[in-house]
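Residue numbers (the working numbering): 37 to 663.
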């Protein structure tokens, strides 16, 4: 006899053997036990997840239940002798039984085939079978006319007829057909369950394989058991025993795991030379850029899952040995950085198809990956630490795709440094900046440190709002401005400053209102006020009280209006015009900041009757009109 592939030889023979679809198996078994078997079923799911196997097992359980160890029986049916059932069952599982008709929807898709099916459905099942069962695979391939021809039969079929429709594209099945069926959606099989089944297959074949190989094959199956078994068949055909990772990498054209690990280490260290050399070493093995990036994305994904969920999480689909190695590498990254690196790789895949020089784009992306953690996220900027030092802190956000710039007045250091050494000492532990004397003394640069750009001279001020405006102005192009703009320095004492929200976004308090960030912010504010103060956020101050008026003036609460104030207001053309448009409006108070400073009318500008300036000097004609 010829060789039979693993996917056929190890096909599920009972409900319990269908891997990863136990909820569906339990439902179908209960339907038989309770004699509540519907006349039509629709099995949906991706390729290789057990749709056709489940259809055959269900048909076998209806006509030959004694041949299935875990198959229930219906009390309303009579079954033939075991020997007869065994012959029937073997024919059903081979697809040769006369009462279980398997139809390929792709090759029998026309209305003529549908009419022939309808004509045969009226005939009673042959032999000792209870039902005539039609299994239509890839049913979405049928034409519209064929579907229409089946509508009446599927709605009210003969009592002895059951339909089982299987499809990978349920959206192509007309709603009129779906409404006549009980639909079951088969899920993709988890990698862990595929790996367990592959171990059983290897044991049955008496072939040894490394655990890492089993997990890699399971992961390459992408949720499909048939795909995974087909890949395993290819590996076994190499004739090597035991099967190792080298065998798998050579067979499927994957980069060596050790080379990928070296590249990830180089990225973690921020070593540009080592990164480019490691990437080039992988490409010279003959692997394509697309395959390389796919492997790198999967590696970053596993590290991200470990960084976010821990190495013991079910989401981490690695062997025990691979988990230990990945856990060591994950300590050098954090989830936001890995998310950014995955986005860079995805962008590279997209742009590679559009460029005439994909290698240049590839090398540039490798450099960007190596520098991905050169700049810390917002929380690290304020506490002075690197993301790698904050493994026990839940990240506030996943960060943006653009690297954040460090907050401060000096120019950022442009030299790449290893990630474990990239973080500066925490801001709160740094010595307080020396206040510069009138002679203009300068801070000395430590030996060996890279030259820094000269710092901007800052004149301290006692005005809280002016100092805050100067601070936010100087960092308006940097990442910290993303949250500083939501706050206002409302008061400033000798030893204490009070911040308040200028917006209703109270969620920002969870990110900012921490002792470390307040100390770091106080250090940044010190040059602007000439002293170190303790900063705190007063949540009792409403945004309306902190919103500054235009021109830099603070809004004042409106005071009560006297009769004279009311009359003076009614004499203003702008007030009269407002009351004409809104006759029901009520004047509730008077504020000195009604007209903002930057909107005050210049003397030389022309104003209309509402007191609104157009910024133009009146010509002679307009001057005549003023008379």
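Just so you know, even glycine gets a beta-carbon here, dropped at the ideal spot from N, CA and C.
Bear in mind the structure is a predicted one, so any value in this text is a computation, not a measurement.
Outcome for residue i when other beta-carbon atoms lying within 10 angstroms are tallied against a minimum of 16
i, result
"residue 618", "exposed"
"residue 524", "buried"
"residue 54", "buried"
"residue 138", "buried"
"residue 121", "buried"
"residue 84", "buried"
"residue 691", "As displayed, the chain neither begins before 37 nor continues past 663, which places residue 691 out of reach and without an answer."
"residue 299", "buried"
"residue 133", "buried"
"residue 41", "exposed"
"residue 563", "buried"
"residue 125", "buried"
"residue 198", "buried"
"residue 259", "buried"
"residue 207", "exposed"
Anticipated Cβ contact below 8 Å, residue i with residue j, distance rounded
i, j, result
"residue 219", "residue 78", "5 Å"
"residue 230", "residue 261", "6 Å"
"residue 168", "residue 135", "5 Å"
"residue 339", "residue 369", "6 Å"
"residue 353", "residue 228", "7 Å"
"residue 325", "residue 394", "6 Å"
"residue 284", "residue 249", "5 Å"
"residue 203", "residue 237", "Rounded, the Cβ-Cβ distance is 27 Å, inconsistent with contact."
"residue 80", "residue 221", "5 Å"
"residue 243", "residue 277", "6 Å"
"residue 57", "residue 129", "Incorrect: roughly 17 Å between the Cβ atoms, too far for contact."
Sequence-distant residues of its chain with Cβ nearer than 8 Å to residue i (five each side left out)
i, result
"residue 65", "51, 97, 106, 107 and 108"
"residue 240", "46"
Residue i versus residue j: straight-line alpha-carbon distance, rounded
i, j, result
"residue 332", "residue 119", "56 Å"
"residue 123", "residue 245", "37 Å"
"residue 82", "residue 93", "19 Å"
"residue 306", "residue 297", "14 Å"
"residue 143", "residue 182", "12 Å"
"residue 274", "residue 147", "47 Å"
"residue 610", "residue 603", "13 Å"
"residue 104", "residue 160", "24 Å"
"residue 577", "residue 536", "6 Å"
"residue 570", "residue 349", "42 Å"
"residue 162", "residue 194", "15 Å"
"residue 529", "residue 400", "50 Å"
"residue 402", "residue 313", "10 Å"
"residue 114", "residue 99", "9 Å"
"residue 531", "residue 376", "41 Å"
"residue 301", "residue 378", "16 Å"
"residue 606", "residue 552", "53 Å"
"residue 499", "residue 538", "18 Å"
"residue 356", "residue 575", "49 Å"
"residue 282", "residue 156", "55 Å"
"residue 363", "residue 382", "23 Å"
"residue 4", "residue 209", "Examination of residue 4 is not possible in this model, given that the chain is present from 37 through 663 alone."
"residue 251", "residue 343", "20 Å"
"residue 127", "residue 69", "24 Å"
"residue 188", "residue 223", "30 Å"
"residue 279", "residue 322", "22 Å"
Neighbourhood of residue i by C-beta, 7 Å cutoff - its chain only, sequence neighbours within 5 removed
i, result
"residue 180", "none"
"residue 471", "Residue placement at residue 471 is poorly supported in this model, since its pLDDT is 42, which falls under 50; the coordinates still yield a value, given next. Closer than 7 Å at the Cβ level, and outside the excluded window around residue 471, lie 566."
"residue 43", "262, 265 and 266"
"residue 504", "524 and 525"
"residue 32", "Coverage of the chain is limited to positions 37 through 663, which leaves residue 32 absent and any answer about it impossible."
"residue 608", "none"
"residue 328", "291, 318 and 319"
"residue 270", "287"
"residue 257", "230, 263, 264 and 267"
"residue 255", "227 and 353"
Chain-order list of residues whose beta-carbon lies under 6 Å from that of residue i (same chain, five-residue window excluded)
i, result
"residue 67", "73"
"residue 150", "182, 185 and 186"
"residue 172", "139, 141 and 201"
"residue 520", "508"
"residue 177", "141, 142 and 145"
"residue 398", "325"
Any chain C beta carbon closer than 8 Å to residue i
i, result
"residue 99", "The chain labelled as chain C is not found in the depicted structure, where only one protein chain is given."
Proximity test, residue i beta-carbon vs the ligand HEM heavy atom, cut-off 7 Å
i, result
"residue 209", "Annotation note on the ligand HEM: not contained in the displayed structure, which lists no ligands."
(request) With a floor of 3 residues, list each beta strand (DSSP E) that falls wholly inside the segment 538-577, ordered by position along the chain. (result) 570-573
(request) Identify every run of the alpha helix (DSSP H) within the segment 66-104, keeping only runs that are complete inside it and at least 4 residues long; order them along the chain. (result) At a cut-off of 4 residues, the continuous stretches assigned as alpha helix (DSSP H) that sit fully inside the segment 66-104 are 87-99.
(request) Just list the alpha helix (DSSP H) runs in the segment 162-234, keeping only unbroken ones of 4 residues or longer that don't cross its boundaries, in chain order. (result) Counting only runs of 4 or more, we get 180-191 and 211-214.
(request) Ignoring anything shorter than 4 residues or poking outside the segment 324-356, list the alpha helix (DSSP H) runs there in chain order. (result) 325-345
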